[in-house]
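Q:
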Amino acid sequence: MKTIIRILLIGAISWFVQQYFLYWSAAATAFLLLVIIPSKSSLNAFICGFLGIGLLWTIVAWRIDHQTGSVLTERVAGMFHLTRPVYLVLITGLTGGILGGFAALAGHKFRVLFKKKSTGYYR
Amino acid sequence: MKFFNFLITFSVACLILYYFGKKTGPLPPPGKFLDPFHGFWQNAEKDPINAPETLVMQDILEDVEIVYDNNLIPHIFARNEKDLYMTMGYVTAFHRLWQMEFQTAYAGGRLSEFLGEATLDIDRLKRRQGLNKSARKCLKGFKENPEINAVLEAYTKGVNYYIHSLEYRDYPFEYKLFDYSPETWTEFKIALLLKYMSAVLTFSETDIENTNALAKFGKKDFDLLFPEFLPGTEPVIPLNTPWDIIPVQIPAVPATTDSITALALHKTDFPDGVGSNNWAVSGKKTKNGYPILANDMHLALNLPSIWFQIQLNAPGINTMGYSLPGAPAIIAGFNDSVAWGNTNAYRDLVDWYTIQFRDADKNEYLYDGKWLRTEKVLEEIRVRDQETYYDTVTYTHLGPVVYEDIFGLDSSRIDLAMKWLGHDTSLEPLTYLKMHKAKNYNDFEEAYIYFSSPPQNVVFASTQGDIAMHINGNFPLKYPSQGKFLLDGTKSATDWHGYIPKAHNPKLHNPEQEYVSSANQHPVGPDYPYYTYCSYFEYARNRRINEMLVYMKAITPQDMINMQMDNLNVQARDILPLMLDSLKTRNPVEGQNIIDILSAWDFRYEADYKAPSYFEVWWNNLTGMIWDEFDDPRADLPYPVDYNTIYLMKTQPGNVYFDISGTEKKETLTDLIYASFLSTVDNISSWEAENGEEIIWKKYRPTEIHHIIPQLRTFGRKNLSIGGYNRTINAVTKTHGPSQRLVVELGPEVKAWSNMAGGQSGNPGNRHYDFFVDSWTKGIYHELLFMKEKTDNRNKIIFHQKIVNPDK
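Chains as they are written, first to last, in the numbering used here: chain A, 117 to 239; chain B, 5 to 812.
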């Protein structure tokens with residue numbers, strides 16, 4: 117559940133931030149969110165970042181492709197020898213995912229730096 | 005350990021961030037480009053136009069309104085000319101910014117700055133041709149003319165208003181793909197664009213090839229192979245039109261002109277297909293009694309389209325037509341009173357002079373027995389991701405030394421200076437500014453006084469009932485055969501001797517035949533007192549136009565449209581019967597179906613016909629055999645024009661050129677026709693076997709409209725179903741053709757119909773990028789919405805935009 121919330125948060129905040137800043141702001145969002153909100157494991161952190169940004173980019177790209185009747189996507193997809201515009205949507209999502217995943221992972225590792233040794237009494 | 009872990013992951017994340025923002029090889033930066041919030045996705049458009057409804061511009065004097073019709077043609081309504089041209093700059097940049105910058109970067113030899121090393125040789129050639137230098141000189145002249153200066157400044161401001169409003173998200177698609185940014189627009193770039201168009205239309209010469217041919221074949225055969233004027237030629241100004249001219253002194257032919265015999269490898273590769281048609285008929289020949297003007301300009305077929313349609317309206321101006329993105333001018337169009345259109349007026353406007361340098365330093369060169377100083381210009385060519393390339397261009401009084409040991413040509417090592425009409429200063433913008441407002445024939449005449457390059461056959465018609473054809477521009481005053489071959493640059497006698505007085509340029513005004521026409525053919529007959537040679541004259545389209553116009557009566561605009569789409573090749577009609585008759589004497593066993601189809605053919609190059617493919621294959625085989633002497637690995641040679649080949653076939657069938665050199669047998673023309681037919685049968689069956697389909701014309705001659713960067717294959721349009729070829733009025737080749745077609749009826753209300761091989765938008769993510777292409781192939785025109793008031797035809801208006809001054 118917490119994982120899903122993290123994914124949604126990353127996606128939502130990133131959506132907002134990216135209205136103003138370029139692609140790097142997606143990475144910054146994933147990084148900072150994992151610094152602020154703890155994650156159980158490195159893998160979990162990566163997945164949160166990957167899906168948070170990856171899904172966001174997929175949805176936004178798909179929506180544009182759909183609304184514009186693939187007018188541009190078909191040409192760009194052809195340029196990369198992709199047979200269907202939807203592959204371009206997926207590659208976009210994957211690119212966002214990689215960007216977000218590694219940023220979130222770095223954020224997680226950063227948080228771990230300052231985490232107090234677990235004594236067993238906390239929590 | 006924890007810190008080490010962090011460092012590793014953080015570095016990985018940073019590396020990803022870095023590489024996602026960096027262009028690698030031909031690939032755009034993945035993160036930046038694919039980012040759906042800012043990357044290329046943002047260039048995909050749902051609606052034809054996405055723009056703010058109100059714009060605030062500091063420099064605007066009074067409110068301006070822009071209305072877009074359903075063809076995405078902007079109609080600008082301003083209250084003064086400054087605002088009008090500023091808005092024109094803004095609107096053009098809004099749709100075509102990347103193209104505007106790219107074309108001028110090409111002309112100025114700056115492509116490598118954005119595209120990398122691959123374009124370095126193109127850049128070097130452009131720098132060496134001196135386009136930058138002449139554009140700078142030209143701009144100085146523009147700035148000294150208050151009327152031009154005001155308009156260039158306003159237009160530039162408008163373009164820059166748009167550029168400065170851009171964020172990465174709004175950049176035109178190609179900037180994102182090649183990962184660079186728009187730079188500030190300048191008036192210099194407008195001058196550069198005009199030089200670019202001059203270059204596109206005047207580099208039509210074969211001086212070096214001619215010199216090679218002269219060396220190989222000798223003077224007598226050269227004149228036989230490349231005659232300057234042949235029987236049956238129909239010049240722009242009809243034969244026997246009297247010349248009311250007292251010619252100025254023609255320069256003397258120098259005593260020795262035959263010193264240059266170099267066989268050099270070099271090809272200018274001027275594309276066949278750059279040409280155009282225009283004509284006008286008087287009201288006496290039309291159904292409605294009003295003159296009709298038609299113009300289609302043939303250029304490389306590209307997307308974004310080379311043309312941008314626009315209407316300009318301000319007090320004293322109401323004009324509409326085709327503008328070139330980057331110039332504040334309607335190149336072909338009309339206003340409330342007159343219409344005008346162009347075809348290229350070919351003439352030999354580039355000459356090559358051999359230069360004799362004193363030594364390898366090239367600081368001095370020989371001229372009339374004296375050593376003159378050269379001027380060296382260091383050209384700095386920035387290359388993306390690489391070191392800047394420096395090229396030195398040496399200038400003589402004749403022009404830049406384009407080819408020398410460090411560039412082009414080959415081991416034959418001759419230094420060639422280029423003398424070009426476009427190196428001069430001129431005031432072309434003034435012509436168009438005056439045409440926008442022209443009211444009658446006199447205004448037309450006056451406007452073109454300022455026009456120098458590229459020379460054009462300008463067709464004119466007015467609501468007063470005038471029609472005219474003027475050959476406008478500057479033409480060098482030459483002695484006979486001057487510049488046909490390489491010239492000796494060491495003697496002043498071979499210099500250009502000024503220009504033919506403009507008043508002596510050929511023209512036709514309200515002729516008795518009630519029509520005027522041009523299609524890049526000879527300007528005049530041999531009785532014109534000045535020398536008018538060029539190696540690129542047209543012999544077919546002009547004759548087809550004339551034979552149609554002469555008999556047509558009660559002409560409607562639709563008749564003119566049909567004529568622009570006409571696919572009949574008169575040269576095929578001239579020669580095919582002879583070829584078939586000759587073939588019959590040999591009774592070929594194979595290919596009877598080909599003979600049958602060709603015998604029944606109406607000489608039309610319709611998209612779905614097989615006959616034009618048969619004929620073209622046969623004709624290529626035949627001319628290849630006739631002119632086998634031209635297949636010479638040592639040097640590029642010019643090729644005799646088809647019209648002359650046909651002329652020789654008909655009048656001198658026993659000519660030695662009809663023998664295949666290198667065979668013992670003495671071939672006759674009939675032998676060649678038979679042999680070429682046999683290869684044709686083979687060629688056709690192997691073509692059909694290879695392609696798995698019938699050899700219909702549109703498949704054999706596939707027409708493709710390329711993106712300006714042809715490597716972007718999916719950004720062009722291919723498999724177009726359209727007829728025509730370079731010798732038909734509808735002159736569609738694989739890559740060239742009528743980039744636009746315009747028909748204007750000059751009645752009390754001027755009406756116009758248009759058709760364009762592209763669309764209004766320069767954005768491949770907009771439906772209007774190639775909006776007209778399908779109707780262009782079918783010959784379906786749209787009537788232009790020529791508005792009197794900004795409130796006209798509201799039902800056809802799709803978008804309103806207002807520009808206001810913030811202080812008012």
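All residues carry an ideal CB built from backbone N, CA and C; glycine is no exception. Only a predicted model underlies this, so the values are computations on that prediction, with no experimental measurement involved.
1. Which residues, in chain order, does the region 739–769 of chain B contribute to contact with chain A at a C-beta distance below 7 angstroms?
2. Does any C-beta atom of chain A lie closer than 7 angstroms to the C-beta of Val-16/B?
3. Run down chain A in chain order and give the residues with a C-beta less than 8 angstroms from the C-beta of His-42/B.
4. Classify Ser-415/B as buried or exposed, calling it buried when 16 or more other Cβ atoms lie within 10 Å of its own Cβ.
5. What is the residue span of the alpha helix (DSSP H) that Lys-220/B lies within?
6. For the alpha helix (DSSP H) holding Trp-140/A, just list the boundary residues, first then last.
7. Step through the CB atoms of chain B and report whether any lies within less than 7 angstroms of the CB of Ala-161/A.
8. Counting C-beta neighbours from all protein chains within 10 Å, is the total for Leu-491/B 16 or more, i.e. buried, or is it exposed?
9. Phe-776/B by DSSP, collapsed to three states: which one?
10. Which residues in the same chain have their Cβ closer than 6 angstroms to the Cβ of Asp-578/B, if we skip the five residues on either side of it in sequence?
11. Going by the beta-carbon positions, is the gap between Thr-290/B and Ile-559/B smaller than 7 angstroms?
12. Near Val-645/B, what residues of its chain come up, given a Cβ to Cβ distance below 7 angstroms and the 5 sequence neighbours on each side ignored?
13. Does the distance from the CB of Met-564/B to the CB of Ala-298/B come in under 7 angstroms?
14. Spell out the partners DSSP gives Gln-805/B in its beta bridges.
15. Beta carbon of Leu-135/B, beta carbon of Lys-223/B: below 7 angstroms?
16. Consider the Cβ of Ile-180/A: report whether some Cβ of chain B lies at a distance smaller than 7 angstroms.
17. Can you list, in chain order, the residues of its chain whose CB lies under 6 angstroms from that of Phe-607/B, leaving out five sequence neighbours each side?
18. If contact means a Cβ-Cβ distance below 8 angstroms, which residues of the region 148–168 of chain B contact chain A?
19. If you draw a straight line from the C-alpha of Lys-755/B to the C-alpha of Gln-315/B, how long is it?
20. Leaving out five residues before and five after Ile-709/B in sequence, what residues of the same chain have Cβ atoms less than 8 angstroms from its Cβ?
21. List the endpoints of the continuous alpha helix (DSSP H) containing His-168/B.
22. Straight-line CA distance for Lys-50/B to Asn-797/B?
23. Which residues, in chain order, does the region 215–230 of chain A contribute to contact with chain B at a C-beta distance below 7 angstroms?
24. Rounded to a whole number of angstroms, what is the C-alpha to C-alpha distance between Gln-360/B and Tyr-23/B?
25. To the nearest angstrom, report how far apart Val-463/B and Leu-626/B are at their CA atoms.
26. Determine the closest residue to Ile-601/B out of Asn-292/B, Asn-566/B, Ser-743/B, Ile-700/B, with distance taken between C-alpha atoms.
27. Under 8 angstroms Cβ-Cβ, which residues of chain B neighbour Gly-194/A?
28. Three-state secondary structure (DSSP) at Leu-491/B?
29. If we count the other Cβ atoms within 10 Å of its Cβ and call it buried at 16 or more, is Phe-98/B buried or exposed?
30. Along the chain, where does the alpha helix (DSSP H) that runs through Thr-684/B open and close?
31. Report yes if the CB atom of Ile-807/B is closer than 7 angstroms to the CB atom of Met-61/B, and no otherwise.
32. Can you list, in chain order, the residues of the region 165–179 of chain A whose Cβ is nearer than 7 angstroms to any Cβ on chain B?
33. What's the gap between the Cα of Pro-30/B and the Cα of Gln-562/B?
34. By a C-beta neighbour count over all protein chains shown, 10 Å radius and 16 as the cutoff for buried, is Ile-194/B buried or exposed?
35. For Arg-191/A, decide whether its Cβ has a neighbour in chain B, counting only Cβ atoms nearer than 7 angstroms.
A: To lay it out plainly:
1. Those residues of the region 739–769 of chain B that come within reach of chain A (Cβ to Cβ, closer than 7 angstroms) are Pro-768, Gly-769.
2. Cβ-Cβ to chain A under 7 angstroms: yes for Val-16/B.
3. Correct list: Gln-134, Leu-138, Tyr-139.
4. For Ser-415/B, the predicted model reports a pLDDT of 47, less than 50, meaning its position is unreliable and no value from the coordinates is stated.
5. Counting along the chain, the alpha helix (DSSP H) containing Lys-220/B begins and ends at 211–229.
6. Looking at the DSSP string, the run of the alpha helix (DSSP H) that includes Trp-140/A is 140–152.
7. No, its Cβ sits nowhere closer than 7 angstroms to a Cβ of chain B.
8. It counts as buried.
9. In the displayed model, Phe-776/B falls within coil according to three-state DSSP, outside both helix and strand.
10. Cβ neighbours of Asp-578/B within its own chain (closer than 6 angstroms, five residues either side excluded): Ile-650.
11. Closer than 7 angstroms, so yes.
12. Beyond the five residues adjoining it in sequence on each side, Val-645/B comes within less than 7 angstroms, by CB distance, of Tyr-543 in the same chain, given in chain order.
13. Taking 7 angstroms as the cut-off, the beta carbon of Met-564/B is found closer than this to the beta carbon of Ala-298/B.
14. DSSP lists Ile-70/B as partners of Gln-805/B.
15. At a Cβ-Cβ threshold of 7 angstroms, Leu-135/B and Lys-223/B do not count as neighbours.
16. Output row for Ile-180/A: interface = yes.
17. Result list for Phe-607/B: Leu-572, Asn-573, Ala-576, Arg-577, in chain order.
18. Per Cβ criterion, the list is empty.
19. Approximately 13 angstroms, taken between the alpha carbons.
20. Leu-305, Asn-306, Leu-307, Gly-720, Arg-721, Lys-722, Leu-724, Ala-761, Gly-762, Asp-774, Val-777, listed in sequence order.
21. Where His-168/B is concerned, the enclosing alpha helix (DSSP H) stretches over 150–168.
22. Approximately 24 angstroms, taken between the alpha carbons.
23. Considering only beta carbons, the part of the region 215–230 of chain A lying closer than 7 angstroms to chain B consists of Leu-215, Phe-218, Ala-219, Leu-221, Ala-222, Lys-225, Phe-226, Val-228, Leu-229, in chain order.
24. Roughly 53 angstroms separates the two Cα atoms.
25. Roughly 37 angstroms between the two C-alpha positions.
26. Out of Asn-292/B, Asn-566/B, Ser-743/B, Ile-700/B, the CA that lies nearest to the CA of Ile-601/B is found in Ile-700/B.
27. The answer, in chain order, is Arg-717, Thr-718.
28. Note: Leu-491/B maps to strand in three-state DSSP.
29. So Phe-98/B ends up on the buried side.
30. Membership of Thr-684/B in the alpha helix (DSSP H) is indicated by the continuous run 673–695.
31. The Cβ-Cβ distance between Ile-807/B and Met-61/B falls below 7 angstroms.
32. For the region 165–179 of chain A, the beta-carbon criterion of a distance under 7 angstroms to any beta-carbon of chain B is satisfied by Trp-173, Val-176, Ala-177.
33. Rounded to the nearest angstrom, the two C-alpha atoms are 47 angstroms apart.
34. Residue environment: Ile-194/B is assigned as buried (16 or more neighbouring CB atoms within 10 Å of its CB, all protein chains considered).
35. It does; some Cβ of chain B falls within 7 angstroms.
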